[in-house]
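A.B. asks: So that we are looking at the same thing, I have put the structure below in structure tokens.
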Amino acid sequence: MSLQVKIAAIGAVGLLGLCFVGGFYLVGANTQERYERAADRASAVAKLATDVSAGMFQARDAEKEFMLTGDEARLRDHEQAVAKMLSGFKDLQAKLADMGETELAEKAGKARAGMERYATHFNTAVGAKRTMGLSNDSGLEGALRNTVRQIENELDKFDDARLVAGIHPVRRYEREFMLRQDGLSQTSFKKALAAFVSAFQSAALPASTKKQMLDRLATYERDFNEWIKAAEAIELASTLTKVEYGNVSPVVDQIKTSIDKLYADATAMNAEAREDTRRQILIAMGVALVAVAGIGFVIGSSLARPLKAMTKAMRELAEGHMEVALPGLGRRDEIGDMAKAVERFKVVAVEKATREAEEREAASQAGAAARKAEMAKLADGFEAAVGNIVGNVSSAASQLEAEARRLTSTAETTQRLSNTVASASTQASSNVQTVAASAEELAASVAEIARQVQESSTIAAQAVEQAVRTDNRIGELSKLASRIGDVVKFITAIAEQTNLLALNATIEAARAGEAGKGFAVVAQEVKALAAQTAKATDEISAQIGGMQAATADSVGAIKEIGRTINRVSEIAGNIAAAVEQQGAATQEIARNVQQAARGTTEVASNIVDVSRGASETGSSSAQVLTAANSLTRESEHLKVELEEFLRTVRAA
1 MSLQVKIAAI GAVGLLGLCF VGGFYLVGAN TQERYERAAD RASAVAKLAT
51 DVSAGMFQAR DAEKEFMLTG DEARLRDHEQ AVAKMLSGFK DLQAKLADMG
101 ETELAEKAGK ARAGMERYAT HFNTAVGAKR TMGLSNDSGL EGALRNTVRQ
151 IENELDKFDD ARLVAGIHPV RRYEREFMLR QDGLSQTSFK KALAAFVSAF
201 QSAALPASTK KQMLDRLATY ERDFNEWIKA AEAIELASTL TKVEYGNVSP
251 VVDQIKTSID KLYADATAMN AEAREDTRRQ ILIAMGVALV AVAGIGFVIG
301 SSLARPLKAM TKAMRELAEG HMEVALPGLG RRDEIGDMAK AVERFKVVAV
351 EKATREAEER EAASQAGAAA RKAEMAKLAD GFEAAVGNIV GNVSSAASQL
401 EAEARRLTST AETTQRLSNT VASASTQASS NVQTVAASAE ELAASVAEIA
451 RQVQESSTIA AQAVEQAVRT DNRIGELSKL ASRIGDVVKF ITAIAEQTNL
501 LALNATIEAA RAGEAGKGFA VVAQEVKALA AQTAKATDEI SAQIGGMQAA
551 TADSVGAIKE IGRTINRVSE IAGNIAAAVE QQGAATQEIA RNVQQAARGT
601 TEVASNIVDV SRGASETGSS SAQVLTAANS LTRESEHLKV ELEEFLRTVR
651 AA
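Counted from 1, the sequence shown has number 69 at position 69 by the UniProt record's numbering; the numbering is strictly sequential.
Next up, the structure:
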């Protein structure tokens, strides 16, 4: 094998090693990219599932507030939240199907169907709520209120305290049932209404008025029964919405848990693939470095040892030791060619020496000149044959030395750049870890804010409910005050009648003379008592008037408080939804930053390995350079020895 082929073999082995390294890198990069895409898809689906969960919470919150307050704005919020949530379920199902997660996609589809049923039940409850009345003056509640007012206004035209007092229990039990919705209140209402109708039928009223009032009472009873049916429909629909929501919520949580596991698995497999690629690249680099260093050492040794032996043999030939054995005669490279040329020279020299010994006696003088000419001719031929070979060896050694120097320079540059990259990646890893820790703290803070806002929303909803109950109680108090006023009017009428009777008794006692004096005294006492009763009832009327005014103010203030608390609850709900979305985004940031931190750590580790490999490459190239320098020196030494040998031959 020629020297050029041997030197080319070193480069071929190095190139083959680079090809293996590149192949391992490309395969590993493709694998990592596949797992990273899977992790990105899982992360996107996890965010979508979080948005769907937030939409469910918003819809549920808007549902509760609408059913409590009847606010149309909250109904629109509910419709928007449901539309967004159902669209999110549809996208979630499609993405899970694209990922090949058929079971999770089916769960998402079932959850979407459950929330559609939830929306249907809620719409049923909304229809019943509208029938009942979104406010005190609308729907059946408004109709009941108007009917009672018409009846009360009609009763005011007649001086019948019994009928006036009889309508109040009906109204009271009506409000109690609307608040409690229990069987006892309903039974009490029906009894009070039946008693009032019976009293009204026996009252001395015009026939037309009685018929009109009885028709209104029938309408009142019919509207109340319709209100009961609407309330029962709302209760049933609310129960169904609660059941559907309760069934879907755990399914969404299961989907989120499964997606988080998919993300964790993809991230772990990506890290494992990265580690496998790094290990394969290091093994390939190590094998390539060992192969290059081994081949370089073997080739350098195979060249240096024969050249040293050839130089020693030629030196002995120059000293006249023709019996020396020339090394490298069996080689098939330039050294073998050089050994064959020297062997031919030795054979010729031996033959010449033999010939000279035989002819020395006959033609010493002429033979010397001829011998010298022959030796010069042989030296010229030897120089032409061997000198070209030595030049080729020297050129090959110089080429090997230059390649070794370039390899050493490349290894040093690689090591220096890898050290720089390692330092930068270490700093980047530290910075990313700091950002990751901050993101985790931010996520924890956002979660705590979400919890506080949720608690505030719950408290606000309870406050709204309490305000509504207080409003109803104060309304009842106002009605009771009105009833007390009616009773006071009745007492006043009785006092006036008593006063009139006492006056008549006094007149009759005066007419009776002495026999009626005692009765006159009693009549005066009764008159005085009637006057005190009238005065007391006037004071009671004044106090009740003040109480009614204060009650009206309280009703207005409580309604204002209810509206304010509703607004606070709405804002808290919006904040809760925004905070939950912010929490999801923050968790996504923390997850991505953690992944970036792991990536920079892996880069730093790989750069350290590359730096170590570059250092080993530099060591191996330094060994090759040393061998090349030794080969160059030996070839130069061989050239000098050859010139000295030829001078000696020519001089001989």
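Glycine is no exception: its CB is placed at the ideal position from the N, C-alpha and C atoms. The structure displayed is predicted, hence computed values, not measured ones.
Taking the alpha carbon of R149 as the point to measure from, which residue in L217, M99, A268 has its own alpha carbon closest?
C.D. replies: L217
A.B. asks: Ordered along the chain, which non-local residues of its own chain (more than five positions away) have a Cβ less than 6 Å from that of D77?
C.D. replies: A62
A.B. asks: Could you check whether L92 and A113 sit closer than 8 Å to each other, using their CB atoms as the reference points?
C.D. replies: no
A.B. asks: I'd like the list of long-range same chain contacts for A313, defined as Cβ closer than 8 Å, with 5 residues on each side in sequence excluded.
C.D. replies: V324, A325, L326, P327, V342
A.B. asks: With a threshold of 7 Å on Cβ separation, who are the neighbours of S135 within its own chain once the five nearest residues in sequence on each side are excluded?
C.D. replies: G70
A.B. asks: Threshold first: 3 residues or longer. Then list the beta strand (DSSP E) segments lying entirely within the stretch 160 to 240, N to C.
C.D. replies: none
A.B. asks: Can you tell me the Cα-Cα spacing of residue 672 and A195, whole angstroms?
C.D. replies: Absent from the model: residue 672. The displayed extent of the chain is 1 to 652, so no value can be given.
A.B. asks: Helix, strand or coil for D137, going by three-state DSSP, please let me know.
C.D. replies: coil
A.B. asks: Rounded to the nearest angstrom, how far is the Cβ of M132 from that of A230, given a contact under 8 Å?
C.D. replies: 5 Å
A.B. asks: Identify the continuous alpha helix (DSSP H) that holds G127 and give its terminal residues.
C.D. replies: 102 to 132
A.B. asks: Of all the options G336, A291, D276, which has the alpha carbon lying nearest to the alpha carbon of L26?
C.D. replies: D276
A.B. asks: Considering only residues of the same chain and omitting the five flanking positions on each side of A199, which have a CB-CB separation below 8 Å?
C.D. replies: R162, L163, G166
A.B. asks: Does the separation of the CB atoms of R117 and Y245 fall below 8 Å?
C.D. replies: no
A.B. asks: Does DSSP classify R37 as helix, strand or coil?
C.D. replies: helix
A.B. asks: Are at least three pairs of beta-carbons, each pair with one atom in the stretch 33 to 50 and one in the stretch 266 to 275, less than 8 Å apart?
C.D. replies: Contact between the stretch 33 to 50 and the stretch 266 to 275 is present: three or more C-beta pairs spanning the two stretches fall below 8 Å.
A.B. asks: Alpha carbon to alpha carbon, what distance is there between M85 and S258?
C.D. replies: If you take the alpha carbons of S258 and M85, they lie about 20 Å apart.
A.B. asks: Confirm, please, whether the CB-CB distance from V197 to A111 is below 8 Å.
C.D. replies: no
A.B. asks: Helix, strand or coil, according to DSSP, for K157 in the structure here?
C.D. replies: If DSSP states are grouped into helix, strand and coil, K157 belongs with coil.
A.B. asks: What residue does the alpha helix (DSSP H) around R74 start on, and which one ends it?
C.D. replies: 72 to 98
A.B. asks: Using a threshold of 8 Å, state whether the C-beta atoms of K90 and L48 are closer than that.
C.D. replies: no
A.B. asks: Please report how far the alpha carbon of A119 lies from the alpha carbon of A81, in whole angstroms.
C.D. replies: Going from the Cα of A119 to the Cα of A81 covers about 11 Å.
A.B. asks: Whole angstroms are fine: how far does the CA of K64 sit from the CA of S105?
C.D. replies: At residue 105 the sequence reads Ala, which differs from the Ser that was named. The alpha-carbon atoms of A105 and K64 are separated by roughly 30 Å.
A.B. asks: Any idea what DSSP makes of V243, helix, strand or coil?
C.D. replies: Look at V243 here: in three-state DSSP terms it is helix.
A.B. asks: Quick check on S43: buried or exposed, where buried means 16 or more other Cβ atoms within 10 Å of its Cβ?
C.D. replies: buried
A.B. asks: Out of G286, D215, A318, which one is the CA nearest neighbour of A648?
C.D. replies: The sequence shown places Thr at residue 648, rather than the Ala named in the question. When each option's Cα is compared against that of T648, the closest is A318.
A.B. asks: When the distance is taken between beta carbons, is T124 closer than 8 Å to A233?
C.D. replies: yes
A.B. asks: Answer yes or no: do A266 and A46 have a C-beta to C-beta separation smaller than 8 Å?
C.D. replies: Going by beta carbons, A266 and A46 fall outside the 8 Å limit.
A.B. asks: Kindly indicate which residue of M67, L193, A204 has the alpha-carbon position closest to the one of residue 681.
C.D. replies: Nothing about residue 681 can be reported from this structure: the residues present for the chain run from 1 to 652 only.
A.B. asks: Which residues in the same chain as E141 place their Cβ atom closer than 8 Å to its Cβ, once the five residues preceding and following it in sequence are excluded?
C.D. replies: By the criterion of a C-beta distance shorter than 8 Å, E141 is surrounded in its chain by M132, G133, S135, M178, W227, once the five residues flanking it on both sides are discounted.
A.B. asks: Which residue wins for smallest C-alpha separation from N225, given the options L240, G11, L144, E351?
C.D. replies: L144
A.B. asks: To the nearest whole angstrom, what separates the beta carbons of I151 and M213, a pair I think is in contact under 8 Å?
C.D. replies: The pair is a contact, with the Cβ atoms about 6 Å apart (cut-off 8 Å).
A.B. asks: Let me check understanding here. Comparing Cα to Cα, which of K129, A203, F189 lies closest to E72?
C.D. replies: K129
A.B. asks: Whole angstroms is fine: what's the gap from V348's alpha carbon to R633's?
C.D. replies: 30 Å
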